[in-house]
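Asker:
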Amino acid sequence: MSRIEKTAHFSRRTMLQAGGALVVSVGMPVGLTTVLEIRNAVAQGAKPPLTPDQLSSYIAINADGSVSAFFGKMDMGQGLFVAIGQMVAEELDVPFKSVTVIMGDTATSVNQGGASGSTGIQLGGKQMRMAAAEARRVLVEMAAEKLGVPADSLTVRDGVVQAKADAAKKVSYAELIGGRYFNVQLEWNKEIGNALYAPGKAKPKDPKEHTIVGKPIARADIAPKVYAQQDFCTDVKLPGMVHGRVIRPPVAGATPVKVDESSIAAFPGAKVVWDKGFLGVVADKEWDALKAAQSLKVEWSETKPPFPNAGALYEHIRKAPVRKREVDTKQTGNVDEAFKSAPRIIEAEYEWPFQSHACMGPACAVVEIKDGNVTCWTGSQKPHFVQNGIALTLDMPKEKVRSIWVVGPGSYGRSDADDAAMDAAVLAKAVGKPVRVQYTREQGTGWDPKGPASVHRARAAIDGSGNVIAYEFTSKGFSRIDVNTNGGAPWDTLAGQLRDVALKSGDGFGVPAESYEFASKRLAWETIPPLLDRGSPLRSAHLRDPVGPQVHFASESFMDELAAALNLDPVEFRLRHVKDARDIAVIKAAAEKAGWQSRPSPRRDQTGPKVSGRGIAYAQRNGTRCAIVAEVEIDRATGKIWGRKFTVAHDCGQIINPDGLKHTIEGNIVQGVSRTLWEEVKFDAKNVTSIDWMTYPILDITETPESIDVVLINHPEIAPSGAGEPSIRPVAAAIANAIFDATGVRIRRVPFSPDRVKQSLS
Amino acid sequence: MARINLDVNGRTHAIDADPDMPLLYALRNDIGLNNPHFGCGLAQCGACTVHIDGQPVRSCVTPLSAVGDGKVVTLAGLGTPEKPHPIQQAYVEEQVPQCGYCINGWIMTAAAFLDRKKKPSEAEIKDALTGLKCRCGTHMGILRAVKRAVEMMG
């Protein structure tokens, strides 16, 4: 990892130049005769462009034999770059330490979608694996030519190709191509983003041969952070840079009608940037910019407070018109008929609030516009889309915009980072200087895109013998894509919306991901319109495991309600109906590891102020399966819940790095407990009122679980699926089910704050 | 504006600044120490924590006028890879952070606590760290690292 100064001047060219950058053209036949010096190559138009169909866009062998892996996805702190390095090193047969994974710069990597839906390994790693395998194939063919030995009689060890029969016949990758580009065409599927796939001719290794994949290799980016040697995007400083702050309206939807620039004249370099609803200031020094933003006299338009009373949020959702309804295609049986005839119907509704990303630091970005080129340093988890967004926002060709990710203060989805990048771009263009924008805490929590609030209705029909003959589950809520998953278009960012581009709210929600089989079953979702058509602090977007926690809080709570109604053990009930073998395996593994005793809930054997209980929940997520047993303690007097112990069984197919995976799961469990017990964005009719850590509390260190036991189920033969988010998915329901087990009380609204728990228990 | 001398990580820095300006901005912008971080400006999260005369303080709300001739130590001054503070070493060994933006709070607070309290219990450790924030949810790793540091410090 490097300091900012180096990052700023980094280019692909400097990565390769040690050996004099050349292009190696590897067509058919393969041979060194096709090697061109890069200046000739450029002159002939042969320098490989940074496009998804070029091997050089993913893999380069440097002059010293080290490997650069250019990754178009992002590691936001879960150690993904280690796993990618392992996959590349494995396929290339080079030591892990010789691979450097380079990501987040639009000048050095193609758009593989950035951080998105836990697909870093599942999709991004799949592509890097194929590219590395192709690079190895090409290098072995080059060696065959050079050594006069057939390719199938060669082997590779630590980046040296050698004859199987005669180890003296050898040539290193560095000698073959070091410091020169591959010029190898891949079979690109013409997609960009998550769907990008461009394999070569090579087949990746059989997992049985893996020696680097599957190993618990530590992260190299931790020590620089711990010794204060790692700069963040908040630390980017440029010559002539000024500091910007934006000013948001006191009533959501209001716009400035009068701005008194003289009110900030005392601050050196202070300027106002005002364009319709967008209002910002810059000043030479950061402290002055902050004070100028506070001192600026602004008259705002009279606006009708746009929000429902916060207490009426769920009524608003229930009554709101349905904009789109989607029924899951896996519908079975005749649900409506079954409910008509069933002797017993069990129904419940669950509610989940708006939640904030509440990143550790409010978002920051720096934008420089120089000689017709724009450079943006951003903490956004999708820098390639920031490039698109800035190009559209500033009306410039995309080729003139470079976006560089620098590690930011946490990222769990579509946070405020993309908005900050666009704000910095607007300010930089207006004042003609590089601008650094950092939001205030109030803006970071109050104005980030929110995880959507929702209501979930579940019902089941039971026949005379106690069998579930029909199950229906419907979510209704704000869309998870009021603003898109990235800041790639003006209508998706505050800078665009406040400058009067209307929101283009898309329709997205989701259904429970499980394999319960009932005679009839229907899963559906419904979206409702946003509360404001632009510039809303309650615009909804992706927040870690988008809608997964809310949907599975409801669906897995309801499965527990059914088990209790039928007087069945919750694990046994699930195993009766869950049909997928890997689902069954995680449920059994979690229960076994937790020492689960078979009995129905609630336990009914406790008295006194402190009671405890256990609960299980499980979910799938894009191929991954996760089951969690929660053991909680409840203080009846205070209503305080302690998630004492969590046992997690996790199956994401092939495990690339078990150590990174365990840390990732722990983080998900803790964030999941936080979101379940504490997190709720509060608002009044005018605006969001959760604006700091007092008004948006998260889990404190004193509330940390005593233990999180992780059971990793490894399937080397199954292509890896995601692990970044699945384990947050069942947390809320596991806790809710444990509270029910302990108390016999079912809490159907998150968060389980002490007040709510106390009220529910009384 | 005033001429202010600050003793930071064993060196004296003379800066021209508003005495009301919080120490955080002087450290980051005038002295060029990119740690600590701005997290809230409200003393609610700890991302800006430094030591003044061995005590952890939130530099985001500490005006320069209150620093006086206090000796300021930042994360960069706590230890180095060659000569780490035990809590830094433990943090690396336990692979604690995800994004790492919060670590000034945890490491500087834990370091000051462990310097005055030998062999603390788990409950004492938690109480010493209460109020600090980590959004990535690395709480388990933080506690493992502090316990590891306790063992290292004997």
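In order, the protein sequence lines correspond to chains A and B.
-10 is the number of the first residue of the first sequence in the numbering used here; add one for each residue after it.
37 is the number of the first residue of the second sequence in the numbering used here; add one for each residue after it.
All residues carry an ideal CB built from backbone N, CA and C; glycine is no exception.
Would the beta-carbon of Y505/A fall within 8 Å of that of P117/B?
Answerer: For Y505/A and P117/B, no; Cβs fall outside 8 Å.
Asker: Short of 6 Å in beta carbon distance, which residues of its chain neighbour V99/A, apart from the five on each side in sequence? Order them along the chain.
Answerer: So the qualifying residues of the chain are P41, S46, G61.
Asker: Extract the residue ranges of the beta strand (DSSP E) inside the segment 54 to 89 of chain B, only unbroken runs of 3 or more that lie entirely within it.
Answerer: Counting whole runs of 3 or more residues, the segment 54 to 89 of chain B contains the beta strand (DSSP E) stretches 85 to 88.
Asker: To the nearest angstrom, how far is the alpha carbon of I623/A from that of G440/A?
Answerer: Approximately 27 Å, taken between the alpha carbons.
Asker: What are the residues in the segment 73 to 84 of chain B lying within 9 Å of chain A by C-beta distance?
Answerer: Answer in chain order: H73, F74, G75, C76, G77, L78, Q80, C81, A83.
Asker: Output yes or no for whether 8 Å exceeds the beta carbon distance between R448/A and I335/A.
Answerer: Result yes, Cβ atoms of R448/A and I335/A sit closer than 8 Å.
Asker: Consult DSSP for L492/A and reduce its assignment to one of helix, strand or coil.
Answerer: The answer is coil: DSSP assigns L492/A none of H, G, I, E or B.
Asker: Out of P238/A, T292/A, K293/A, which has the shortest C-alpha to C-alpha gap to Q283/A?
Answerer: Ranking the options by Cα distance to Q283/A, first place goes to P238/A.
Asker: Rounded to whole angstroms, what is the Cα-Cα separation between A278/A and N298/A?
Answerer: A278/A and N298/A: Cα-Cα distance of roughly 34 Å.
Asker: Using the C-alpha atoms, what's the distance from A83/B back to G77/B?
Answerer: The alpha-carbon atoms of G77/B and A83/B are separated by roughly 9 Å.
Asker: Going along the chain, which residues of its own chain have a beta-carbon closer than 7 Å to the beta-carbon of T678/A, five neighbours each way excluded?
Answerer: K671, F672, T684.
Asker: Tell me the rounded alpha-carbon separation between P591/A and T613/A.
Answerer: If I take the Cα positions, the gap works out to 30 Å.
Asker: What is the rounded straight-line gap between the Cα of I687/A and the Cα of I166/A?
Answerer: Rounded to the nearest angstrom, the two C-alpha atoms are 52 Å apart.
Asker: For A124/A and D195/A, I'd like the C-alpha separation in whole angstroms.
Answerer: A124/A and D195/A: Cα-Cα distance of roughly 17 Å.
Asker: How many whole angstroms separate the CB atoms of I702/A and D648/A, which I take to be in contact at a CB cut-off of 8 Å?
Answerer: Not really, about 16 Å apart at Cβ, beyond 8 Å.
Asker: Which residues does DSSP pair with G440/A in a beta bridge?
Answerer: Answer by DSSP bridge pairing, in chain order: Q344/A.
Asker: To which residues of the same chain is W667/A closer than 7 Å at the C-beta, ignoring the five residues directly before and after it?
Answerer: Once the five neighbours on either side are set aside, the close Cβ partners of W667/A are P686, I687, L688, P740, S742.
Asker: In whole angstroms, give me the CA-to-CA distance for V240/A and S525/A.
Answerer: Spanning the two alpha carbons is a distance of roughly 10 Å.
Asker: A485/A to M176/B, Cα distance in whole Å?
Answerer: It is worth fixing the name first, because residue 485/A is Gly in this sequence and not Ala. The alpha-carbon atoms of G485/A and M176/B are separated by roughly 40 Å.
Asker: Just the Cα atoms here: how many angstroms apart are N71/B and D408/A?
Answerer: Cα to Cα, the separation comes out at about 24 Å.
Asker: Return the residue from the list A459/A, K629/A, P213/A that minimises the CA-CA distance to V128/B.
Answerer: Selected option, being the one with the closest Cα: P213/A.
Asker: Run through DSSP, which three-state label would Y47/A get?
Answerer: Three-state result, Y47/A: coil.
Asker: Going by beta carbon distance, what residues of the same chain come within less than 8 Å of K389/A, once the five residues before and after it are set aside?
Answerer: So the list reads G361, N362, V363, A380, once near-sequence residues are dropped.
Asker: So with Cβ pairs under 8 Å, would you call H49/B a contact of chain A?
Answerer: For H49/B, the answer is no, since every Cβ of chain A falls outside 8 Å of its Cβ.
Asker: Can we say the segment 241 to 251 of chain A touches the segment 394 to 408 of chain A, given the rule of at least three CB pairs closer than 8 Å?
Answerer: Cβ pair count under 8 Å is below three, so no.
Asker: For my contact list, G109/A and D64/A are in at a C-beta cut-off of 8 Å; report their separation, rounded to the angstrom.
Answerer: 7 Å between Cβ atoms; contact.
Asker: By how many angstroms is the C-alpha of P37/A removed from the C-alpha of S544/A?
Answerer: Distance between the alpha carbons of S544/A and P37/A: 50 Å.
Asker: Between Y607/A, E503/A, T474/A, which lies nearest to Y460/A when the distance is taken from Cα to Cα?
Answerer: Ranking the options by Cα distance to Y460/A, first place goes to E503/A.
Asker: I'd like to know whether the C-beta atoms of R533/A and Y401/A end up nearer to each other than 8 Å.
Answerer: Their beta carbons are under 8 Å apart, which means R533/A touches Y401/A by this criterion.
Asker: Given 8 Å as the limit, is there contact between the segment 151 to 165 of chain B and the segment 77 to 86 of chain A, that is, 3 or more CB pairs closer than that?
Answerer: Because the criterion of three Cβ pairs below 8 Å is not met, the segment 151 to 165 of chain B and the segment 77 to 86 of chain A do not touch.
Asker: Tell me whether S14/A sits in a helix, a strand or coil according to DSSP, three-state version.
Answerer: Unreliable placement is indicated for S14/A, whose pLDDT of 42 sits below 50; no coordinate value is reported for it.
Asker: Thinking just about the alpha-carbon of each residue, which of A419/A, A184/A, T516/A is nearest to the one in S464/A?
Answerer: Checked all of A419/A, A184/A, T516/A; the closest Cα to S464/A is T516/A.
Asker: Between G258/A, L551/A, S710/A, L268/A, which has its C-alpha nearest G242/A's C-alpha?
Answerer: Among G258/A, L551/A, S710/A, L268/A, the Cα nearest to that of G242/A belongs to L268/A.
Asker: Just to confirm, are A50/B and A38/B a CB contact at a threshold of 8 Å?
Answerer: No, Cβ-Cβ distance for A50/B and A38/B is not below 8 Å.
Asker: Does chain B have any CB closer than 8 Å to the CB of I697/A?
Answerer: So yes, I697/A belongs to the interface.
Asker: Looking at the structure shown, is R208/A part of a helix, part of a strand, or coil, going by DSSP?
Answerer: DSSP places R208/A in coil when its eight states are reduced to three.
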